[in-house]
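Taken in sequence, the protein lines are chains A and B.
For the first sequence, this note's numbering gives the first residue as 1, with consecutive numbering after it.
For the second sequence, this note's numbering gives the first residue as 296, with consecutive numbering after it.
Here a beta-carbon is modelled for each residue, glycine too, at the ideal position from N, C-alpha and C.
Quick notes on the structure that follows.
Protein chains: 2
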Amino acid sequence: MSYRRTIKIVCGFAGGSAVLVVAAAAAEYQGCFGHTRAARWSLFNVLQAAQPAVNRTVESTGNAWDFNWDKRDPSALLTNGKKKEVVSEDPSSEQDNGKPKATRNILLIRHSQYNLSGNGDHERILTPLGREQAEFTGQRLAALGLKYDIMVHSTMARATETANIISKYLPGVELVSCDLLREGAPIQPVPPVTHWKPDAVQYHEDGARIEAAFRRYIHRADPKQKEDSYEIIVCHANVIRYFVCRALQFPPEGWLRIGLNNGSITWLTVRPSGRVALRTLGDSGFMPPDKLTRT
Amino acid sequence: MSYRRTIKIVCGFAGGSAVLVVAAAAAEYQGCFGHTRAARWSLFNVLQAAQPAVNRTVESTGNAWDFNWDKRDPSALLTNGKKKEVVSEDPSSEQDNGKPKATRNILLIRHSQYNLSGNGDHERILTPLGREQAEFTGQRLAALGLKYDIMVHSTMARATETANIISKYLPGVELVSCDLLREGAPIQPVPPVTHWKPDAVQYHEDGARIEAAFRRYIHRADPKQKEDSYEIIVCHANVIRYFVCRALQFPPEGWLRIGLNNGSITWLTVRPSGRVALRTLGDSGFMPPDKLTRT
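What follows is the structure, encoded as structure tokens:
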């Protein structure tokens with residue numbers, strides 16, 4: 001079994017020293033919640049308040065990596081009693097057994113600087129500096145020499161404009177727009193900030209939409225995909241930060257602990273096994289320092 | 296009160312669909328563990344195995360941000376009944392009330408490419424490409440035009456050599472070496488990898504040392520510090536990845552989900568409030584693509 005026998009979650013409280021430790025262990029204990037041995041999990045330890053902060057090492061949170069996070073893990077499909085679909089265009093290929101084989105590289109580009117005081121999205125177009133930044137980003141993406149398969153961009157004006165400029169440097173790469181990738185409020189950030197307080201309805205609508213975008217774009221390769229792919233997604237800071245937290249299985253509410261320069265490149269890889277790696281976040285080293293902005 | 300009333304932790308298991316939900320709520324419930332109302336926490340919900348994956352939104356993990364993560368939160372010092380130390384070199388200053396005022400910028404540099412087949416650390420020196428990479432990093436750091444206060448480097452040969460080359464571009468910046476920053480095994484990675492399996496004793500020793508390095512270098516400014524600072528730390532991929540997870544209060548065992556190019560720049564800011572932000576991770580856009588390596 002690959003699960004850990006002990007889970008420990010330590011939650012620190014803002015501004016205080018109180019610490020709550022909730023520990024669940026796969027012991028033989030039969031607690032007040034009845035016989036839970038079917039799940040091989042039970043609780044043995046609950047509360048430890050105001051624990052003095054003298055620990056000198058840091059423990060794992062105990063959370064396992066969910067290999068079936070994108071619901072495309074072939075072994076999970078088998079576990080669920082569903083037959084794998086054998087997809088093969090070459091019947092002689094014995095290796096083509098329904099398992100993903102290719103790695104997906106997803107390059108997330110934050111749009112470049114735009115006119116913040118514009119009245120509505122259509123007026124929030126790139127500034128002259130923003131257009132220049134997009135040229136730098138396009139040049140860098142071209143210089144990386146990767147065989148890009150597609151460039152998807154948010155339908156907002158600043159992302160569309162950024163993508164169009166980048167597109168000049170990547171001739172032949174298909175350009176597609178998508179409403180799901182528009183900027184929004186993905187989930188209430190922790191810690192909260194005072195300068196940005198969307199209404200509950202914004203989280204309600206945007207949260208589901210941005211999660212839908214995550215599920216559409218961030219997942220392992222289809223078993224049919226034979227070669228590694230390189231896809232560019234031009235969108236927005238909140239969307240990218242949320243994608244990164246979700247893809248790495250980090251707390252999604254932590255997205256606002258990350259900052260991204262305009263026109264920067266964030267690179268995720270998704271292996272056939274479902275492993276995810278962040279290769280760079282907010283790379284903008286290809287821009288002269290006096291062209292860097294974060295607006 | 297700033298703590299959340301509900302904690303939900305959802306743990307996915309490798310390769311399976313079993314889901315464990317441990318939920319603790321600050322309810323009036325008095326469970327089998329006795330009267331825990333003193334801590335205003337109790338448990339009401341325990342196990343939910345093999346939950347079907349039909350959720351369409353993603354919930355917060357419920358973990359608050361620990362503002363006293365570096366044990367330098369003045370309000371926590373007050374809570375503990377200790378008097379704030381009023382540190383003022385200018386007695387007329389009423390604002391100098393023992394609270395941190397400056398932001399610390401910490402630029403973490405991964406050493407550049409080195410001879411992997413060297414026999415022992417002293418033979419694992421930079422390759423010609425590695426020396427070239429360090430020149431690019433030094434040039435970029437200089438071009439950023441920041442008022443660097445200090446450069447600390449790991450005592451390992453490849454980090455020392457990288458720092459010495461960078462140092463040429465930053466005249467007047469004090470260079471200090473530190474054993475705590477040496478490469479090692481910070482904590483067992485989740486998910487585990489097959490190609491890298493340190494012995495338990497390595498985690499035992501390195502884990503405490505790298506955590507000690509984190510506590511020495513990553514914290515908010517001292518109340519005495521009047522201006523924002525910019526510090527460079529030249530060290531190693533595992534150390535930097537662990538620092539990032541710890542600083543952002545992301546699961547420390549997730550450090551191996553992150554990759555870093557040689558000579559890349561990772562930038563953390565620590566605000567006087569204890570807020571931490573990651574401004575970039577593994578930025579190496581200042582290097583020509585054919586000079587990029589990850590060894």
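At the level of alpha carbons, what is the spacing between Arg536 of chain B and Ile233 of chain A? Here the question's residue 536 of chain B lines up with position 241 in the second sequence. Here the question's residue 233 of chain A lines up with position 233 in the first sequence. So the alpha carbons of these two residues sit roughly 25 Å apart.
What's the gap between the Cα of Met446 of chain B and the Cα of Glu135 of chain A? Reading the second sequence from its first residue, position 151 is the one you call residue 446 of chain B. Reading the first sequence from its first residue, position 135 is the one you call residue 135 of chain A. Their Cα atoms are separated by approximately 33 Å.
Using the Cβ count rule (16 or more neighbours within 10 Å means buried), how would you classify Leu563 of chain B? Taking the first residue of the second sequence as 1, we reach residue 563 of chain B at position 268. Residue environment analysis places Leu563 of chain B among the buried positions, since at least 16 neighbouring C-beta atoms fall within 10 angstroms of its C-beta.
Counting only Cβ pairs nearer than 8 Å, list the residues of chain A close to Pro486 of chain B. Position 191 of the second sequence holds residue 486 of chain B. The contacting residues are Ala64, Trp65, Phe67, Arg275.
Count the CB pairs spanning the stretch 267-284 of chain A and the stretch 116-130 of chain A that are closer than 8 Å, and state whether there are at least three. Contact fails: fewer than three Cβ-Cβ distances are below 8 Å.
Tell me which same chain residues have a C-beta within less than 7 Å of the C-beta of Glu522 of chain B, skipping the five on either side of it? As a first step, residue 522 of chain B must be located in the second sequence, where it is residue number 227. The residues are Ala397.
Nearest-angstrom Cα separation, counted from Pro186 of chain A out to Ser337 of chain B: For this step, residue 337 of chain B is matched to residue 42 along the second sequence. For this step, residue 186 of chain A is matched to residue 186 along the first sequence. Any answer about Ser337 of chain B is weak, because its pLDDT of 31 lies below 50 and its placement is not dependable; what the coordinates show is given next. Here the alpha carbon of Ser337 of chain B sits roughly 29 Å from the alpha carbon of Pro186 of chain A.
Does chain A have any CB closer than 8 Å to the CB of Val353 of chain B? Position 58 of the second sequence holds residue 353 of chain B. For Val353 of chain B, the answer is yes, since a Cβ of chain A falls inside 8 Å of its Cβ.
Quick one: Cα of Met156 of chain A to Cα of Leu126 of chain A, how far? Along the first sequence, read from residue 1 onward, the residue named residue 156 of chain A stands at position 156. Along the first sequence, read from residue 1 onward, the residue named residue 126 of chain A stands at position 126. One C-alpha to the other measures close to 11 Å.
Have a look at Pro289 of chain A and Cys235 of chain A and give me their C-alpha separation to the nearest angstrom. Along the first sequence, read from residue 1 onward, the residue named residue 289 of chain A stands at position 289. Along the first sequence, read from residue 1 onward, the residue named residue 235 of chain A stands at position 235. Rounded to whole angstroms, the gap between the alpha carbons of Pro289 of chain A and Cys235 of chain A is 22 Å.
Whole angstroms is fine: what's the gap from Arg330 of chain A's alpha carbon to Gly207 of chain A's? The structure shown does not extend to residue 330 of chain A, since chain A is modelled only from 1 to 295, so the question has no answer here.
Quick one, are the C-beta atoms of Gly263 of chain A and Ile109 of chain A less than 8 Å apart? Taking the first residue of the first sequence as 1, we reach residue 263 of chain A at position 263. Taking the first residue of the first sequence as 1, we reach residue 109 of chain A at position 109. Inclusion of Gly263 of chain A and Ile109 of chain A in the CB contact set at 8 Å is warranted, their separation being smaller than that value.
Per-residue burial, Thr352 of chain B [other beta carbons within 10 Å of its own, 16 or more giving buried]: Here residue 352 of chain B refers to the residue found at position 57 when the second sequence is read from its first residue. Of the residues assessed, Thr352 of chain B falls on the exposed side of the cut-off, its CB having fewer than 16 other CB atoms within 10 angstroms.
Within 8 Å, strictly: CB atoms of Ala516 of chain B and Pro567 of chain B: Numbered from its first residue, the second sequence carries residue 516 of chain B at position 221. Numbered from its first residue, the second sequence carries residue 567 of chain B at position 272. Their beta carbons are under 8 Å apart, which means Ala516 of chain B touches Pro567 of chain B by this criterion.
My output table needs one value for Trp562 of chain B: the three-state DSSP class, helix, strand or coil. As a first step, residue 562 of chain B must be located in the second sequence, where it is residue number 267. In the three-state reduction of the DSSP assignment, Trp562 of chain B falls in the strand class, which pools E and B.
Using a C-beta cutoff of 8 Å, does Arg435 of chain B count as contacting chain A? For this step, residue 435 of chain B is matched to residue 140 along the second sequence. Chain A, which has a Cβ nearer than 8 Å to the Cβ of Arg435 of chain B, makes this yes.
Beta-carbon spacing of Leu465 of chain B, Leu436 of chain B below 8 Å: As a first step, residue 465 of chain B is located in the second sequence; it is residue number 170 there, counting from the start. As a first step, residue 436 of chain B is located in the second sequence; it is residue number 141 there, counting from the start. In this structure, the beta-carbon distance from Leu465 of chain B to Leu436 of chain B falls below 8 Å.
Distance, Gly357 of chain B Cα to Gln325 of chain B Cα: As a working note, residue 325 of chain B is residue 30 in the second sequence. As a working note, residue 357 of chain B is residue 62 in the second sequence. A caution first: Gln325 of chain B carries a pLDDT of 31, below 50, which makes its placement in the model unreliable, though a value can still be read off. CA-to-CA, the gap between Gln325 of chain B and Gly357 of chain B works out to about 21 Å.
What is the residue span of the beta strand (DSSP E) that Leu402 of chain B lies within? In the second sequence, the residue the question calls residue 402 of chain B occupies position 107. Start and end: 399-405.
Measuring straight from C-alpha to C-alpha, what distance separates Gly210 of chain A and Arg216 of chain A? By 1-based counting over the first sequence, the position of residue 210 of chain A is 210. By 1-based counting over the first sequence, the position of residue 216 of chain A is 216. Reading off the sequence shown, one finds Ile at residue 210 of chain A, where the question assumed Gly. Our two residues, Ile210 of chain A and Arg216 of chain A, have alpha carbons roughly 10 Å apart in a direct line.
Which residues in chain A sit within 9 Å of Asp501 of chain B, going by Cβ to Cβ distance? Here residue 501 of chain B refers to the residue found at position 206 when the second sequence is read from its first residue. The contacting residues do not exist; Asp501 of chain B stays about 11 Å from chain A at best.
In the structure shown, what three-state DSSP assignment does Asp66 of chain A receive? Position 66 of the first sequence, counting from 1, holds the residue named residue 66 of chain A. DSSP places Asp66 of chain A in coil when its eight states are reduced to three.
Beta-carbon proximity list for Thr162 of chain A, same chain, < 6 Å, skipping 5 on both sides: Here residue 162 of chain A refers to the residue found at position 162 of the first sequence. Within the same chain, Thr162 of chain A has close Cβ partners His111, Ser112, Ala134, Val234.
I'd like to check one pair, Asn105 of chain A with Ser284 of chain A: are the Cβ atoms closer than 8 Å? The residue given as residue 284 of chain A occupies position 284 in the first sequence. The residue given as residue 105 of chain A occupies position 105 in the first sequence. At the C-beta level, Ser284 of chain A and Asn105 of chain A stay beyond 8 Å of one another.
Select from the stretch 434-461 of chain B all residues with a C-beta closer than 8 Å to any C-beta belonging to chain A, and list them in chain order. Of all residues in the stretch 434-461 of chain B, the ones placed with a Cβ closer than 8 Å to any Cβ belonging to chain A are Arg435, Ala438, Leu439, Gly440, in chain order.
Who pairs with Glu174 of chain A in a beta bridge, going by DSSP? Stepping through the first sequence from its first residue, residue 174 of chain A is reached at position 174. Answer is A:Ile150.
Where does Val201 of chain A fall in DSSP's three states? Residue 201 of chain A sits at position 201 when you count from the first residue of the first sequence. In the structure shown, Val201 of chain A sits in a helix (DSSP, three-state: H, G or I).
Could you tell me if Thr561 of chain B is buried or exposed, where buried requires 16 or more neighbouring beta carbons within 10 angstroms of its beta carbon? Position 266 of the second sequence, counting from 1, holds the residue named residue 561 of chain B. Classification for Thr561 of chain B: buried.
Between Phe286 of chain A and chain B, is there a C-beta pair that is closer than 8 Å? What you label residue 286 of chain A is simply residue 286 of the first sequence in a count that begins at 1. Closer than 8 Å: yes.
For Pro484 of chain B, which residues of its own chain have a beta-carbon under 7 Å away from its beta-carbon, when the five flanking residues on both sides are left out? As a working note, residue 484 of chain B is residue 189 in the second sequence. Close CB contacts of Pro484 of chain B within its chain, under the 7 Å cut and outside five residues either way in sequence, are with Glu548, Trp550, Leu551 (chain order).
Any heavy atom of the ligand SAH inside 7 Å of the beta-carbon of Asn238 of chain A? By its list of ligands, the structure shown contains no ligand whatsoever, and the ligand SAH lies outside what it can speak to.
Does any CB atom of chain A fall closer than 8 Å to the CB of Arg574 of chain B? Here residue 574 of chain B corresponds to residue number 279 of the second sequence, with the count starting at 1. Yes, its Cβ sits closer than 8 Å to a Cβ of chain A.
Integer-rounded CB distance, given that Gly274 of chain A should sit under 8 Å from Asp70 of chain A: On the first sequence, position 70 is the one that residue 70 of chain A refers to. On the first sequence, position 274 is the one that residue 274 of chain A refers to. Yes, they are in contact, since the Cβ atoms of Asp70 of chain A and Gly274 of chain A sit about 7 Å apart, within 8 Å.
In the DSSP assignment, what residue or residues form a beta bridge with Tyr230 of chain A? On the first sequence, residue 230 of chain A is found 230 positions in, with the first residue counted as 1. Paired residue(s): A:Asn105, A:Tyr148.
When the Cα atoms are used, what is the spatial distance from Gln249 of chain A to Ile218 of chain A? In the first sequence, residue 249 of chain A corresponds to position 249, counting from 1. In the first sequence, residue 218 of chain A corresponds to position 218, counting from 1. If I take the Cα positions, the gap works out to 12 Å.
Looking at chain A, is there any beta carbon in it that lies within less than 8 Å of the beta carbon of Gly554 of chain B? Here residue 554 of chain B corresponds to residue number 259 of the second sequence, with the count starting at 1. Gly554 of chain B counts as touching chain A.
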